[in-house]
């Protein structure tokens with residue numbers, strides 16, 4: 101299962117929490133690096149994300165729960181479908197609709 105995870109800060113971290121949060125984030129990244137196909141930050145923003153490949157939603161939930169900044173962030177998780185697979189499905193749908201339209205259904 102591949103998912104896009106996007107996270108955006110809801111509010112600034114307390115300054116005294118920053119060193120501990122940074123270290124926790126570094127350790128979390130190291131622990132889950134093998135599940136991350138992509139890992140990024142948005143330039144100039146308190147936001148970033150990654151593309152994860154996980155076995156199931158329970159594993160994904162565990163990874164997100166372990167992220168030390170989770171209480172301070174708004175997180176969106178979007179399931180990903182391979183583009184070629186989705187394009188094939190879209191084409192099949194278009195052909196089906198086109199056949200229904202031409203048959204008057």
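Residue numbers (my numbering): 101 to 205. Ideal placement from N, C-alpha and C gives every residue a C-beta, glycine not left out. Treat the numbers as computed from the prediction; the structure is a model and nothing was measured.
Worksheet item: By how many angstroms is the C-alpha of residue 148 removed from the C-alpha of residue 139?
Response: 8 Å
Discussion item. So for residue 179, helix, strand or coil by DSSP?
Written reply: strand
Discussion item. Let's test the definition: count the other Cβ atoms within 10 Å of the Cβ of residue 187 and tell me whether it reaches 16, buried, or not, exposed.
Written reply: exposed
Practice prompt. Within its chain, find whatever has a CB closer than 7 Å to the CB of residue 185; leave out the 5 residues flanking it on each side and keep chain order.
Written response: none
Practice prompt. Mind checking which residues open and close the alpha helix (DSSP H) that includes residue 125?
Written response: 118-132
Fill in: Proximity below 8 Å, CB of residue 193 to CB of residue 103
no
Worksheet item: Hey, how far is the Cα of residue 150 from the Cα of residue 203?
Response: 45 Å
Item to complete: Find the nearest neighbour of residue 214 within the set 191, 190, 121, judged by alpha-carbon distance.
Response: For the chain, the structure presents residues 101 to 205; residue 214 sits outside this window and is missing.
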